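The structure appears below as structure tokens.
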Amino acid sequence: MSELMDSGLMDYDEALERFDPVLGLEVHVELGTVTKMFCGCPTGFGAAPNTQVCPVCLALPGAMPTVNRQAVEYAIKIGLALNCEIAELCRFSRKNYYYPDMPKNYQISQYDEPIAFGGYLDVDVDGETVRIEIERAHMEEDTGKSTHIGGATGRIHGAEYSLLDYNRAGVPLVEIVTKPVTGTGKAAPAVARAYVAALRDLLAALDVSDVRMDQGSLRCDANLSLMEKGAPEFGTRTETKNVNSLRSVERAVRYEITRQAARLAAGQTIKQETRHFDESTGTTAAGRSKETAEDYRYFPEPDLVPVTPEREWVERVRATLPELPWLRRARQQAEWGFTDLEMRDLVAADGVSLVEQTVAAGASPGEARSWWGSYLGQQANNRGVTLAELPISPTQVAAVVSLVNDGKLTAKLARQVVDGVLAGEGEPDQVIAARGLAVVSDDAPLQQAIDDALAAQPDVAEKIRSGKVQAIGAILGAVMKATRGQADAGRVRELVLKTLGVDS
Amino acid sequence: MSADLTRRSAAELASAIASREVSAVEVTRAHLDRIGAVDPDVHAFLHVSDELALAQAAEVDRAFDAGEQSASPLAGVPLALKDIVVQKGVPTTAGSKILEGWLPPYDATITRKLLDAGIVILGKTNMDEFAMGSSTENSAYGPTRNPWDLSKIPGGSGGGSSAALAAFEAPLAIGTDTGGSIRQPASVTGTVGAKPTYGGVSRYGVIALASSLDQPGPCARTVLDTAMLHEVIAGHDPMDATSIPQPVPNVVAAVRRGQADGVAGMKIGVVKQLGGQGYQPGVLSSFRSAVEQLQAAGAEIVEVDCPHFEYGLAAYYLILPSECSSNLARFDAMRYGLRIGDDGTASAEQVMSLTRGAGFGAEVKRRIILGTYALSAGYYDAYYGSAQKVRTLIRQDFEKAYQQADVLISPASPTTAFGIGEKVDDPMAMYLNDLATIPGSLAGIPAMSVPSGIAADTGLPVGLQIMGPALGEERMYRVAAAFEAGYLAEHGTTVPQQIPALEGTAR
Ligand SMILES: [Zn+2]
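Residue numbers (the working numbering), protein chains in the order written: chain U, 1 to 504; chain Z, 1001 to 1507.
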């Protein structure tokens, strides 16, 4: 029915004139522990289906969980880094609902007693710091994975049959939930993206997860509601799932703003529901309706005793916290000598760690920034991918830089070499060899080209000889043309002057 | 010879095997023969592991013959394992159709401990489905009969284990006690059964009914045998998060002390609330003579008041269904057990629903529905929340009582064994069987049943419940052993020796 009553989308700016968006972000992060949350099975990604399972994570009759202390420590670490309080006593609870990829048909999670609560994360959005309040961070276990075969959408609806892989069942998760984020206005999509990016960087720095959004080790559910300007209460929210990249976070929020605004403007209501983001169309579609409000019948997990992290343990963990990404960034900016604007652009383009690695591989900070910030940035844009997704490594960029500095490549040739690497033609050396791009540094062929050019333009030669050195441009152009741009212009100039007996 | 072996105690069999007077294989074969002869009438077993048991016994014999150090004081003694405890490769059903044909790929911790101790597992015993019941009539595989009178129930849920002991099919058995499933069957079959302190014996591999209440424990025909088995299965287990990190209690030494020194100087509390209305006259008079016997032996008898016990049954029937509604959710036809309706057209949800509809019995469904309701949003505080408060109050009642007495006693069950079919249509009457045992379950204290005699009104055995404080197993066993010895001294016989001969008609 909602499809029939689809009221389309409202222009974004118009939507923001009438409504204030309220964001809520739930991020699930798979912890990088060696073993699962409640059993000793390994957690590695990509193993053959149902090979990383045991009686506990398959929920065989009689099996019961025990808590992975490493996972608790990681959760404490995340809580501390998010400026949260760490509970002195917290409990696991059972969240009861039936789904075939959840072996026990309940998920062991935390309900009213999370391990960490009441924190915040400061996020930089276009040069302004936005404080995102953290409601809680709690521990839970992942479900298995269903693959729906047949049917058009890859979703369970319409599928012929489904395959279950329980390798992921019981992998430790921490869910980080924000308080409602208000007052961001037009920046809401950018704030959502910046928050997830900052959280990702933080978790990577903490070394608690490999935070791969593409592999699902970092998953974001974006809650969004609109309230009429000046309204006293939040509107009804939707929860958008399947938001698997930073770009998708931004697009999904933006789409929901325009969709909800159109419905509200048309006098329709927003249904509290789960929606799925479609990466290819940039739209969201209704999923499971929450009108038949699921009652999870939470109650304290009787197979486990409360978790009571001793204060000394918490302080030991606090002492291991690494330099936080934003502090690190400030330090890097100073070390690299970048302006605020340069640094901000780099952060926005998600290029900080790429520059860092390129510098580590031998390039100067300015050279590294110039490559990632301009030419490679354009390439990424053209391809619709992130900088990190470009098929070129910081080491390769540093190698190209070094070739330029050694005079073996001109700036123009260097771009061609990079194009070759991006096209999958191999390492810079291989591209140079295959495309014949090396600077012509041997004087013999240059001299030949110069002699030819001078012979072809005796009037120009005479001008130069008589002291009008600025006329050399015509000769340089001819030589560069003859060498297909592979000559070093400086060297050519030297040789021309030498040939004509003019002091340079 | 064979009949003689099955009437011996586990302690006697163990020393006869260790001294090579008899072989473990002979002992095992004698019990398998007995099962073959009487079990068609009693129906204590759901599965008999003849070959496995004989192979295990042969290994014990080989080790003894080779002069290897004996694995344990019970090496070579046969045991009946309640079908709720998983044993690798041996059918385990928990008395339910939904697990028919399932072969566990792993051993429970207690199974492993039994095998490591050289105890020979004869097979799996019948029980109320998922341990829900007090008569074993809720088994999906038919009722077990009480060897004292085959028309009577053997108690429940562990009626298979208690009947196997009373029928001399095994000298040892494992039970599990959630609200009385070890103690009440022991009581109505004239055998001994102990529920350890919650967390004293690992639950890993014991199919869960109500996780916060379930506790496996030892069963036998004598207090000493029970204590010996207790020491084999107890102890901390890292696979069970609720397992207590404490050393195994010295209950065998406590039994010897009770046999030698009696109860002189001990304070024994009689719980005011556990007796009177709802208790059968024959049970009450047997209990009174037990109190007199303990008093005559030098114990000081005090009456203790536990005012919140009267809410125990109500609290129990909220907590148990709540937990079991969640614990039993895993039986969904996806990974093991029964699967109904999987014809290629039904959805996973339909298959789950059909399987659970067909695989669970009426009592199981009743409790799942009750528990689902009790945990529902809006009802949680009134039901589950209030029940937890009652639980705390009952625990406090016990704490106060143990300031006045070393152990507490009561009848283990309000009645002697009732007739098969008598209460099947009245769940409330069935639930009342656990009136005396539920408070101890809610508090997690150790409690056991020892035979106190034969009821004058029915001629059937009566159980005396002895309850210790948390981790107070040693004084509980001391009193039990002293009482058993006193009964023998006074009557010249024990209660199990009065079990009528069952001359089976093997079919
Ligand atoms: Zn596992």
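Positions of the beta carbon are idealized from the N, C-alpha and C atoms, including for glycine.
Bear in mind that the values here come from a model prediction, so they are computed numbers and not experimental data.
Name the chain U residues whose beta carbon is nearer than 8 Å to that of Met1099 (chain Z)? One point to set straight first is that residue 1099 (chain Z) is Leu, not Met, in the sequence displayed. Ordered by position in chain U, the residues that pass the 8 Å Cβ test against Leu1099 (chain Z) are Pro61.
For His276 (chain U), which beta-bridge partners are listed by DSSP? U:Lys241 and U:Ala285
Does the beta-carbon of Cys57 (chain U), which I'm using as the reference point, lie nearer than 7 Å to any heavy atom of ligand 1? yes
Contact list for the segment 1319 to 1331 of chain Z against chain U, Cβ threshold 7 Å: Ser1322, Glu1323, Ser1326, Ala1329 and Arg1330
Can you tell me whether Gln1293 (chain Z) is buried or exposed, with buried defined as 16 or more other CB within 10 angstroms of its CB? buried
My assumption, with CB atoms under 8 Å, is that Ala1131 (chain Z) sits in contact with Ser1181 (chain Z). Please give the rounded CB distance. 6 Å
Terminal residues of the continuous beta strand (DSSP E) containing Pro1078 (chain Z)? Pro1078 to Lys1082
Expressed to the nearest angstrom, what Euclidean distance is found between the alpha-carbon atoms of Thr281 (chain U) and Gly150 (chain U)? 22 Å
Enclosing alpha helix (DSSP H) for Glu1363 (chain Z) [first to last residue]: Ala1362 to Ala1374
Check Glu1292 (chain Z) in the structure and name its three-state DSSP category. helix
If you compare alpha carbons, which of U:Ala47, U:Ala187 and U:Tyr97 is closest to Glu128 (chain U)? U:Ala187
Between His1236 (chain Z) and the rest of its own chain, which residues show a CB-CB distance below 7 Å, the 5 nearest in sequence each way excluded? Ser1243, Ile1244, Pro1245 and Gln1246
Select from Z:Val1223, Z:Tyr1279 and Z:Gln1273 the residue whose C-alpha is nearest the C-alpha of Gly1258 (chain Z). Z:Val1223
Using 8 Å as the cut-off, can you tell me whether the segment 1182 to 1189 of chain Z makes contact with the segment 1431 to 1446 of chain Z, which would need three or more C-beta pairs spanning the two stretches below that distance? yes
Give the single residue among Z:Asn1138, Z:Thr1493, Z:Glu1490 and Z:Gly1298 whose Cα lies nearest to the Cα of Pro1427 (chain Z). Z:Asn1138
Using a Cβ cut-off of 8 Å (strictly closer), state whether Lys104 (chain U) contacts chain Z. yes
Give the DSSP bridge partners of Lys1195 (chain Z), in chain order. Z:Ala1447
Would you kindly work out how many angstroms separate the C-alpha atoms of Gly79 (chain U) and Glu85 (chain U), rounded to a whole number? 7 Å
Tell me which residues share the same chain as Asp1240 (chain Z) and place their Cβ nearer than 6 Å to its Cβ, disregarding the 5 neighbours each side in the sequence. Ser1202, Arg1203 and Tyr1204
Kindly list, in the order they appear in chain U, the residues whose Cβ is closer than 7 Å to that of Leu1375 (chain Z). Arg297 and Phe299
Please compile the residues from chain Z whose C-beta is within a distance smaller than 7 Å of the C-beta of Thr66 (chain U). Pro1238, Met1239 and Ala1241
Within 10 angstroms of the Cβ of Pro1216 (chain Z), are there 16 or more other Cβ atoms? Answer buried if so, exposed if not. buried
Cβ shell of Glu256 (chain U) (< 8 Å), same chain only, five flanking positions each side left out: Ala222, Leu224, Thr238, Thr240, Arg275 and Thr284
When the Cβ atoms of the segment 1283 to 1297 of chain Z are set against those of the segment 1453 to 1466 of chain Z, are three or more pairs found closer than 8 Å? yes
Which listed residue (Z:Val1206, Z:Ile1369, Z:Phe1398 and Z:Glu1169) has its alpha carbon closest to that of Glu1503 (chain Z): Z:Glu1169
So what does Pro300 (chain U) bridge to, in DSSP terms? U:Ser93
Tyr1384 (chain Z) classed as buried or exposed, judged by whether at least 16 other C-beta atoms fall within 10 angstroms: buried
Please find out if some non-hydrogen atom of ligand 1 comes closer than 7 Å to the beta-carbon of Gly1205 (chain Z). no
Residue nearest to Val27 (chain U) in terms of C-alpha spacing, selected from U:Gln268, U:Arg168, U:Gly436 and U:Tyr195: U:Tyr195
In whole angstroms, what separates the C-alpha of Ile176 (chain U) from that of Thr320 (chain U)? 21 Å
Contact belief for Leu218 (chain U) with Arg200 (chain U) at Cβ below 8 Å, rounded distance in angstroms: 6 Å
Beta-carbon neighbours of Val305 (chain U), restricted to chain Z and to distances below 7 Å: Ala1241 and Thr1242
How far does the beta strand (DSSP E) with Asp20 (chain U) in it reach, from first residue to last? Phe19 to Glu30
Looking at ligand 1, does it come within less than 7 Å of Val439 (chain U), judged from the CB to the closest heavy atom? no
Taking only beta-carbon atoms, is Gly1205 (chain Z) less than 8 Å away from chain U? yes
Cβ-Cβ distance between Val1390 (chain Z) and Gly1468 (chain Z) below 8 Å: no
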